[in-house]
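Comments concern the structure below.
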Amino acid sequence: MSMLVANGLTHRFGRERALDSVDLVLDTGEHMAVLGDNGAGKTTLLRILATALRPTSGRLEIAGLDAFRERRRLRHYLGYVAHAPGLYPALSAAENLDFFCDLQEVSRSRVDEVLGTVGLSNVADRRAGELSRGMQQRLAIARAILHDPRLLILDEPDASLGADAADLLSGVMRGKTVVLATHDHALANRLCPRTLVLRHGRSLGTATHLRVVR
Amino acid sequence: MNPLRVALAVARKDLRSEWRTRELVPALAQFIILALLIGNFGFQIDSRNAASIAPGILWLALVFAGLVAFGRTFTAEREQASLEAMLMTPASPVAIFAGKAIAASALLVVCEAVMLPALSLFFGTPLSGGVAAAVLLATVGMASLGCLFAAIVARVRARELLLPLLTLPLWIPFIIAGGQAVQSAMGQGGNYGGAISLLIDFDILFVVLTSLAARFVLDE
């Protein structure tokens, strides 16, 4: 069964076409990497797939629902790690997650569990603003999986994660449908059997265990 | 999803952040004291004219402190990219907006708790429950409007300029009704009950309107 079906996704910022008629089908449990140079449209595509940005044209269905009509309902099933961690620097790591538990209607008992998953149990009481960039990224990942979503949209989650990025992400992605944007081809190959390549907002096609030729 | 629970969670989060950083309230309280001090030195205050001048100074200080307080509500969220994370949850944007407005109002009320005794000290005007009630009622409607426009302008570069341009015209009803209520409470005559009723009507009107508009402002 398809978890995500996108047809002709196009997005313009003013005159500039950031995304040009991208089609995509992702089956339940499938992991797909999105590769491309800076400005290729990866973040725009991921923000649309995460329903954070409405496309100028095109259609997106997630779990059989129209992604933009049923946006709020879909957010129970969807976890998104954006380019910026988007944390509250004055709150501790645990307090950041407690807050999102309230917004997601998830029991706060999940907080310890997800902090353990991302390896932050020992800094649960430290303020997010005092954490290293890599730890902040882990906390953003913890927030995205707090409600145990079926679909994960990860925008360069490996940025500043360090050497164990692949192991951490592999654990987080297990059992979920995932779209992951990255610059790291080796990581993409290791975590995602399928890859979509974007250039100037256009899809150059998908491939399995891709060898990218520049 | 319970909107009240969401609104309270958002308000609690904002107040906790402010308590830890103390970014806004000390600066606002200082601003208010300075504004009252300038008003005190700028006018020849004596026992005959204090009660007629003080309400004007009070509203001027409150309006500018409010612009700063409400302006920060969404700017900080946008700067740290946390607004999108909040909006990516199933929580209603109206509840999120309400939480932000509650927190901003609470911060302004703290500043008002400094302002009213200071006004009494500098201008020798009576510190009464009537004055406090008028100021608090005006704060509710001003907060809902201020937060709505703060959310609108947070994504544009000239937000510091745009926020007063958009907000001040719509705050005028509160300043007129609030000004009348405060003058009346300070013994300058006028219909205190009528002014308070008007403030309550404006509060209901603008809270409902801004709640309806918030969904469209925050949703994307």
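Protein chains in written order, with the working numbering: chain H, 2 to 215; chain L, 203 to 422. All C-beta atoms, glycine included, are put in the ideal place defined by N, C-alpha and C.
Practice task
Kindly provide the ranges of any alpha helix (DSSP H) runs that are 4 or more residues long and lie completely inside the segment 92-156 of chain H, ordered along the chain.
Solution key: Restricted to the segment 92-156 of chain H, the alpha helix (DSSP H) segments that are unbroken, complete and at least 4 residues in length are 94-105, 111-118 and 134-145, listed in chain order.
Exercise for the section: Within its chain, find whatever has a CB closer than 7 Å to the CB of A145/H; leave out the 5 residues flanking it on each side and keep chain order. Expected result: Within the same chain, A145/H has close Cβ partners G80, Y81, V82 and L153.
Practice task
Could you tell me which residues DSSP pairs with R207/L in its beta bridges?
Solution key: Beta-bridge pairing links R207/L to no other residue.
Handout entry: Pair within 9 Å by beta-carbon distance, A352/L and F404/L
Key = Result no, Cβ atoms of A352/L and F404/L do not sit closer than 9 Å.
Problem - Contact set for R203/H: own chain, Cβ-Cβ below 7 Å, skip 5 residues either direction - result: Within the same chain, R203/H has close Cβ partners D21.
Problem - the segment 366-377 of chain L / the segment 286-306 of chain L touching (three or more Cβ pairs under 8 Å) - result: By the C-beta criterion, the segment 366-377 of chain L is judged not to be in contact with the segment 286-306 of chain L, since fewer than 3 inter-stretch pairs fall below 8 Å.
Exercise for the section: Leaving aside the five residues before and after F272/L along the sequence, list all residues of the same chain whose C-beta is less than 7 Å from its C-beta, in chain order. Expected result: Once the five neighbours on either side are set aside, the close Cβ partners of F272/L are A306, A345, G348, C349 and A352.
Exercise for the section: May I have the straight-line CA-CA distance separating F100/H from P150/H, to the nearest angstrom? Expected result: The alpha-carbon atoms of F100/H and P150/H are separated by roughly 17 Å.
Exercise for the section: At 7 Å on the CB atoms, spell out the chain H contacts of P228/L, in chain order. Expected result: Ordered by position in chain H, no residue passes the 7 Å Cβ test against P228/L, which lies about 15 Å from the chain.
Handout entry: Contacts of G87/H in chain L (Cβ-Cβ under 7 Å)
Key = Those are Q282, A283, S284, E286 and A287, listed as they occur along chain L.
Exercise for the section: Quick one: which residues of the segment 204-217 of chain L get their C-beta closer than 7 Å to a C-beta of chain H? List them in chain order. Expected result: For the segment 204-217 of chain L, the residues whose beta carbon sits under 7 Å from a beta carbon of chain H are, in order, R207, V208, A211 and K215.
Handout entry: M174/H: first and last residue of the uninterrupted alpha helix (DSSP H) it sits in
Key = Where M174/H is concerned, the enclosing alpha helix (DSSP H) stretches over A166 to M174.
Problem - For D421/L, the first and last residue of its enclosing beta strand (DSSP E) - result: Segment: none, D421/L is in no beta strand (DSSP E) and carries neither H nor E.
Practice task
To the nearest angstrom, report how far apart M2/H and G42/H are at their CA atoms.
Solution key: Taking the straight line joining both Cα atoms gives about 27 Å.
Problem - the segment 356-369 of chain L in contact with the segment 321-337 of chain L per 3-pair CB rule at 8 Å - result: Taking a cut-off of 8 Å on C-beta distances, the segment 356-369 of chain L does not touch the segment 321-337 of chain L, as fewer than three cross pairs fall below it.
Exercise for the section: Identify the continuous alpha helix (DSSP H) that holds A356/L and give its terminal residues. Expected result: Here A356/L belongs to no alpha helix (DSSP H), and DSSP marks it neither H nor E.
Practice task
Compare the C-beta of S413/L with all C-beta atoms of chain H and state if any pair is closer than 9 Å.
Solution key: So, not an interface residue.
Handout entry: Closer than 9 Å to chain L by CB, P90/H
Key = Yes, because at least one Cβ of chain L sits closer than 9 Å to the Cβ of P90/H.
Practice task
Could you tell me which uninterrupted alpha helix (DSSP H) segments, each at least 4 residues in length, are contained entirely in the segment 286-356 of chain L, listed from first to last along the chain?
Solution key: Segments of the alpha helix (DSSP H) lying fully in the segment 286-356 of chain L: 295-325 and 331-355.
Exercise for the section: Tell me whether E71/H sits in a helix, a strand or coil according to DSSP, three-state version. Expected result: In the structure shown, E71/H sits in coil (DSSP, three-state: anything other than H, G, I, E or B).
Handout entry: Beta-carbon gap between V26/H and L10/H smaller than 9 Å
Key = Going by C-beta atoms, V26/H is not nearer than 9 Å to L10/H.
Practice task
Work out the CA separation of L169/H and V214/H for me, nearest whole Å.
Solution key: Here the model assigns V214/H a pLDDT of 47, short of 50, so the residue's position is not dependable, and the following value carries that caveat. Approximately 28 Å between the Cα atoms of the pair.
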